[in-house]
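Undergrad: Reminder that position 205 of the sequence shown reads as 205 in UniProt numbering, one-by-one numbering, no gaps. A virtual CB, placed ideally from N, CA and C, is assigned to each residue, including glycine.
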Amino acid sequence: MTPADFLSSAGPLVTVIIPTRDRAELLPRAVASALGQTWKTLEILIVDDGSVDDTAGVLAGFDDPRIRVLRRDTSGGVSAARNEAVRAARGDYLALLDSDDEWLPKKTERQLAYMAATGHAVSQTQEIWIRGGKRVNPTHIHKKPDGWFFEASLGMCLVSPSTTIFKRGVIEAAGFFDESLPACEDYDLWLRIMLTRPIGLLDEYQVVRHGGRGDQLSTLYIGQDLFRIRAMVGLLGRPETTAWHFACIEKELRRKTAIYAAGCLKRDRAEEAGRVTAMVEAALDSARAGLAGAGGKETADTAAG
């Protein structure tokens, strides 16, 4: 099937997943940007994750048959909200949109065309950063790569949720978002996905990312190395992890563990430093033994990075 055939007629249904909690004043902007897409074959799943503000009233004001609202009586966190939406989605393609971000009108159309042309099952776009109402330039370390970049992503998250579209089978195979992680849940998921597949980059600015708010997870959880450590430890036990992956993970895991332990010691938390260090060493030993028993599980693709 050619890209033109793929995008002809109504085209594939894309489910837009918008989790929200107590962002009644921001939610309309995000939803309007989804409704304003030039790609019209959409369903928009909004998950109200236990809001106590006027989110219910705001949602009642939306009058479009493409919108479905899933309500949770109590907050289960962004991962649980997204997972519920994934399971309820009708689309073959899923697109994440945080309730404080917004899409440019051609985002979905351009990204689907890119995926049809390249064969990527998951992709992201470039994004415009807004902080405190002003546009800022991301540093070079935040430059979005294209293709196979598992090793580079261990140091920091290089995929932004609101820029992504992926086939639903991708997240089902990877195991959904980890609901035990209060933050860095996206870092964890993208790494699991990148164990087995590349992530394509549509090198166009199609998303506006708003930051600097006190209710964002990146602000609420200062010093997120522990969550990244937990994510990397989880990777060690996955059957897709090869000897090459292990070497990459071990290097970054030791670096992050040392940073975390040093921070604990400065705050008189020696027991916590020892606990995390011992947990990491035990996980590395177990994974190393498993790889040795499996003959290394090396592949040409992963060895090349």
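Indicate whether residue 32 and residue 18 have their beta-carbon atoms separated by less than 8 Å.
TA: Cβ atoms of residue 32 and residue 18: not closer than 8 Å.
Undergrad: Do residue 78 and residue 24 come within 8 Å of each other at the CB atom, strictly closer than that value?
TA: For residue 24 and residue 78, no; Cβs fall outside 8 Å.
Undergrad: Grab the span of the beta strand (DSSP E) containing residue 206 for me, first residue to last.
TA: Segment 200-211, the beta strand (DSSP E) holding residue 206.
Undergrad: Should the region 235-245 be regarded as contacting the region 189-197, the criterion being three or more beta carbon pairs within less than 8 Å?
TA: Yes: at least three Cβ pairs fall under 8 Å.
Undergrad: Assuming contact is defined by CB atoms lying nearer than 8 Å, are residue 125 and residue 107 in contact in what I supplied?
TA: Contact flag set, yes.
Undergrad: With 16 other CB atoms within 10 Å as the buried threshold, where does residue 218 fall?
TA: Its pLDDT being 49, under 50, residue 218 is placed unreliably in this model, and the coordinates cannot settle the point.
Undergrad: In the structure shown, what three-state DSSP assignment does residue 105 receive?
TA: Coil at residue 105, not helix or strand.
Undergrad: So, helix, strand or coil for residue 97, using DSSP?
TA: The answer is coil: DSSP assigns residue 97 none of H, G, I, E or B.
Undergrad: Where does residue 166 sit, in a helix, a strand or coil, going by DSSP?
TA: In this structure, residue 166 counts as strand in the three-state DSSP scheme.
Undergrad: Roughly how many whole angstroms lie between the Cα atoms of residue 13 and residue 152?
TA: Their backbone Cα atoms lie some 32 Å apart in a straight line.
Undergrad: Mind checking whether residue 121 and residue 166 have CB atoms under 8 Å apart?
TA: In contact: residue 121 and residue 166 (Cβ atoms closer than 8 Å).
Undergrad: Sort 55, 35, 156, 101 by Cα distance to residue 133 and report the nearest one.
TA: Considering only alpha carbons, the answer is 101.
Undergrad: What residue does the alpha helix (DSSP H) around residue 251 start on, and which one ends it?
TA: Segment 243-266, the alpha helix (DSSP H) holding residue 251.
Undergrad: Are residue 265 and residue 273 touching if we call contact CB-CB under 8 Å?
TA: Going by C-beta atoms, residue 265 is nearer than 8 Å to residue 273.
Undergrad: With 16 as the cutoff for other CB atoms within 10 Å, does residue 271 come out buried or exposed?
TA: Exposed.
Undergrad: Tell me where the alpha helix (DSSP H) around residue 19 begins and ends.
TA: That residue, residue 19, is in no alpha helix (DSSP H); its beta strand (DSSP E) goes 14-20.
Undergrad: For the alpha helix (DSSP H) containing residue 29, list its first residue and its last residue.
TA: 27-35 is the extent of the alpha helix (DSSP H) around residue 29.
Undergrad: Could you have a look at residue 224 and say whether DSSP puts it in helix, strand or coil?
TA: Residue state, collapsed to three classes: coil.
Undergrad: Excluding the five sequence neighbours on either side, which residues of its own chain have a C-beta within less than 8 Å of the C-beta of residue 11, listed in chain order?
TA: Closer than 8 Å at Cβ, skipping near neighbours: 39, 41, 112.
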